[in-house]
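Taking this note's numbering, I'd label the letters of the sequence shown as residues 22 to 564.
In what follows, a single structure is set out as structure tokens and then discussed.
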Amino acid sequence: MDELHPMVLALENSLKAVRTNVEDIPNGIINVQLPEEVKVDPQILGLFIHPGRSHYVVFNPLMKGLAAKGHNVTVVSYFPEKENSVPNYKDLPFENQLDLTESFNISRYTPMDYWSHWREAFELAAWGKIACKEALASKVIDQILAIHQSDPFDIVITEFFDTDCHLGVIYKMGVPFIGLSSCALMPWHTDRIATPSTPSFIASEFVGFTEKMSYYERFVSFTVTIGVKYLYRILVERSDNLMLYEKFGHGIPDVNEIALNTSLILVNQHFTLHQARPQSPNLIEIGGIHINENGKKLPSDIQKILDTAQNGVILMSWGSMVNASTMSPEIRQVFLDVFQTLNQTIIWKYETEFIPNKPKNVILKKWIQQRDILCHPNVKIFINHGGMLGTTESIYCGVPVITIPFYGDQPLNGAAMEYRGIGVKINYDEISRESIMGAIRKLLTDEVQSRADSMSKVFKDRPMQALDTAIYWTEYVIRTKGEFIRSYARHMTWFVYYSLDILIPLILLLSLILTIFIKILTVILRKLKGKGNPRPKKKTKKH
Numbered sequence: 022m023d024e025l026h027p028m029v030l031a032l033e034n035s036l037k038a039v040r041t042n043v044e045d046i047p048n049g050i051i052n053v054q055l056p057e058e059v060k061v062d063p064q065i066l067g068l069f070i071h072p073g074r075s076h077y078v079v080f081n082p083l084m085k086g087l088a089a090k091g092h093n094v095t096v097v098s099y100f101p102e103k104e105n106s107v108p109n110y111k112d113l114p115f116e117n118q119l120d121l122t123e124s125f126n127i128s129r130y131t132p133m134d135y136w137s138h139w140r141e142a143f144e145l146a147a148w149g150k151i152a153c154k155e156a157l158a159s160k161v162i163d164q165i166l167a168i169h170q171s172d173p174f175d176i177v178i179t180e181f182f183d184t185d186c187h188l189g190v191i192y193k194m195g196v197p198f199i200g201l202s203s204c205a206l207m208p209w210h211t212d213r214i215a216t217p218s219t220p221s222f223i224a225s226e227f228v229g230f231t232e233k234m235s236y237y238e239r240f241v242s243f244t245v246t247i248g249v250k251y252l253y254r255i256l257v258e259r260s261d262n263l264m265l266y267e268k269f270g271h272g273i274p275d276v277n278e279i280a281l282n283t284s285l286i287l288v289n290q291h292f293t294l295h296q297a298r299p300q301s302p303n304l305i306e307i308g309g310i311h312i313n314e315n316g317k318k319l320p321s322d323i324q325k326i327l328d329t330a331q332n333g334v335i336l337m338s339w340g341s342m343v344n345a346s347t348m349s350p351e352i353r354q355v356f357l358d359v360f361q362t363l364n365q366t367i368i369w370k371y372e373t374e375f376i377p378n379k380p381k382n383v384i385l386k387k388w389i390q391q392r393d394i395l396c397h398p399n400v401k402i403f404i405n406h407g408g409m410l411g412t413t414e415s416i417y418c419g420v421p422v423i424t425i426p427f428y429g430d431q432p433l434n435g436a437a438m439e440y441r442g443i444g445v446k447i448n449y450d451e452i453s454r455e456s457i458m459g460a461i462r463k464l465l466t467d468e469v470q471s472r473a474d475s476m477s478k479v480f481k482d483r484p485m486q487a488l489d490t491a492i493y494w495t496e497y498v499i500r501t502k503g504e505f506i507r508s509y510a511r512h513m514t515w516f517v518y519y520s521l522d523i524l525i526p527l528i529l530l531l532s533l534i535l536t537i538f539i540k541i542l543t544v545i546l547r548k549l550k551g552k553g554n555p556r557p558k559k560k561t562k563k564h
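Given below as structure tokens:
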């Protein structure tokens, strides 16, 4: 160690010299903004203009977690806290209770095909336009801009989903911003942080495939992924720009341009479910952020049912967004017929307290503590609709699933669970006694139950919990403005990004060289052939 000491001193002196002379470097050669110290009480704004409660369930833990760490947090949303025990957490709710995402009526279900992916993209665009219009017309937007003038916000945390008009509001503030996604990243969000979006093995929410696709599935994945990106540009961003011009005048840049300044995206996914994939350093996975590790105490009647179920429990819930009571009587009877033959107890989240011909082993509940029930050791199977929250909870608790998807990212989540061997996906139009019973028998096997336990362990095996990860990276952006984790590739066109401007001239040049070579070779071969086979002389007639 004594021999290394002079080397260590020399290295330290060199570093000091670099730090001393760094200011002498000419401007333009190096222009790096070094991290600043975090303000003692940074002002954080949460701006959530989408009226979906299931989305806000993902974002709320982060906002409350930041407040619990001592940051001053102001949240603009449709879901103010009923009881706020944190003094530095403040709600500024929108005046109107906008309801775009009412429960899905199953009677409107249509079988999924190629064109259903496009219909969903158009529906999202329509939702985004309404949400944007309502938000910009709200007095709350003017209020936060006024607050920013007197007590500036240091960062804005906002949702990336079906509109970007709120980015115009953030532009007026001139502060860094972080995007949150309640589901796997939408196709139109990848370009703003230059994270690879390769439809040959990365399926978007709209198609519902796994990473292992057939040729036809890759065709669908490619055309839909690329197509909805352009649809978003045409239908959503143009509309956003017009509404922002009307609100603030023409000094606002295109929202697509503003989006390129995204410092970080926190996405509610995890590689255990949605595969390992290449991604930019400013895309951080926080799948499971909404899950409370300690859980909550269950109602005594539910606790007793779970504890005394000798053959286990099957939980059936289609969440708050799918109205189970609107299924057809024929489909409902299929479930009842299957449940009647089982030894397990069935807890069914249902919107009414009565179902005709209900078997004794079926218990109806209008509301359930889903996570706390799933994590009870007696729960064997979860029949769900493939929502991200419930799917994540089932992985966390180690419970296999039967997924019956209806829209959105549900087919994607269901396919992922099936591909990993801990689930079965059954489309609504494929429901039969045979399909449901076959899925239950498969998932009750020791092999599947063991695989679900193993996946739960992998999902939980992280350097830090999802909430701590989100808080760390939020504070990182506050410290550094996020510049060091943003790729320059976000400013490149796809033509340049894929080096087509290099490849095409190279191919043309090589083609030209090859053509010339072939021409020269052809001429040489003809001459050689001519020398080797001289033409016979014509005989002249003697007179």
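Even for Gly, the Cβ is constructed at its ideal location relative to N, Cα and C.
> If we count Cβ pairs, one from each stretch, closer than 8 Å, do we get three or more for the region 226-235 versus the region 430-447?
Replying inline: yes
>> Between the alpha carbons of P101 and D112, how many angstroms are there, rounded?
In response: 6 Å
> In the structure shown, what three-state DSSP assignment does K550 receive?
Replying inline: helix
> Straight-line CA distance for H76 to V94?
Replying inline: 19 Å
> Helix, strand or coil: how does DSSP classify D112 here?
Replying inline: strand
> Quick check: the region 174-190 against the region 203-216, are there 3 or more CB pairs under 8 Å?
Replying inline: yes
>> What residue range does the beta strand (DSSP E) around I65 cover?
In response: Q64 to L68
> With burial defined as no fewer than 16 other Cβ atoms inside 10 Å of the residue's Cβ, what is the status of R462: buried or exposed?
Replying inline: exposed
>> Between which two residues does the alpha helix (DSSP H) holding N81 run?
In response: R74 to A89
> Can you list, in chain order, the residues of its chain whose CB lies under 7 Å from that of T216, leaving out five sequence neighbours each side?
Replying inline: Q300, S301 and L304
>> Whole angstroms are fine: how far does the CA of R507 sit from the CA of L55?
In response: Its pLDDT being 46, under 50, L55 is placed unreliably in this model, and the value from its coordinates should be taken loosely. One C-alpha to the other measures close to 15 Å.
> For the region 284-324, which segments carrying the alpha helix (DSSP H) assignment without a break, of at least 4 residues, lie completely within its bounds, in sequence order?
Replying inline: 292-295
> Which term fits W515, buried or exposed, when burial requires 16 or more other beta carbons within 10 angstroms of its beta carbon?
Replying inline: exposed
> Since G444 is in the beta strand (DSSP E), which residue starts that stretch and which ends it?
Replying inline: G444 to K446
>> For N117 and Y99, I'd like the C-alpha separation in whole angstroms.
In response: 8 Å
> How should A146 be labelled, buried or exposed, when 16 other C-beta atoms within 10 angstroms of its C-beta is the threshold for buried?
Replying inline: buried
>> Taking the beta strand (DSSP E) that G411 belongs to, which residues open and close that run?
In response: Per DSSP, G411 belongs to no beta strand (DSSP E); it is in the alpha helix (DSSP H), M409 to C418.
> What does K386 pair with, by DSSP beta-bridge criteria?
Replying inline: K370
>> DSSP three-state label for A191, please.
In response: With the sequence shown as reference, residue 191 is identified as Ile, and Ala is not the correct amino acid for it. If DSSP states are grouped into helix, strand and coil, I191 belongs with the helices.
>> I believe G444 touches T424 by the beta-carbon criterion, under 8 Å. Please report the beta-carbon distance rounded to the nearest angstrom.
In response: 6 Å
> How big is the Cα-Cα spacing for E306 and L542?
Replying inline: 58 Å
>> Considering only their Cβ atoms, is the gap separating M348 from G408 smaller than 8 Å?
In response: no
>> Alpha carbons only, please: which of F80, L83, D62 and I70 is nearest the one belonging to H92?
In response: D62
>> Relative to the C-alpha of H187, which candidate in I247, I127, I279 and T246 has its C-alpha closest?
In response: I279
> Residue range of the beta strand (DSSP E) that M337 falls in?
Replying inline: V334 to M337
> Under a three-way DSSP split, which group does N282 fall into?
Replying inline: coil
> Roughly how many whole angstroms lie between the Cα atoms of L327 and I384?
Replying inline: 11 Å
>> How far does the beta strand (DSSP E) with E180 in it extend, from its first residue to its last?
In response: I176 to E180
> Would DSSP call T231 helix, strand or coil?
Replying inline: coil
> Which whole-angstrom value describes the C-beta separation of P220 and S284, a residue pair presumed to lie in contact below a C-beta threshold of 8 Å?
Replying inline: Not a contact, Cβ separation roughly 26 Å.
> Is DSSP giving N105 helix, strand or coil here?
Replying inline: coil
> If we ignore side chains and look at the alpha-carbon of each, how far apart do V544 and I528 end up?
Replying inline: 24 Å
>> Assess contact between the region 357-373 and the region 411-425, defined as three or more Cβ pairs (one per stretch) separated by less than 8 Å. Is contact present?
In response: no
>> With H, G and I counted as helix, E and B as strand and the rest as coil, what does DSSP make of N52?
In response: Its pLDDT being 46, under 50, N52 is placed unreliably by the model, and the measurement read from it follows with that caveat. N52: coil per DSSP, three-state reduction.
> So what does DSSP say about L465, is it helix, strand or coil?
Replying inline: coil
> Among S338, E314 and E439, which residue has its Cα nearest to the Cα of D489?
Replying inline: E314
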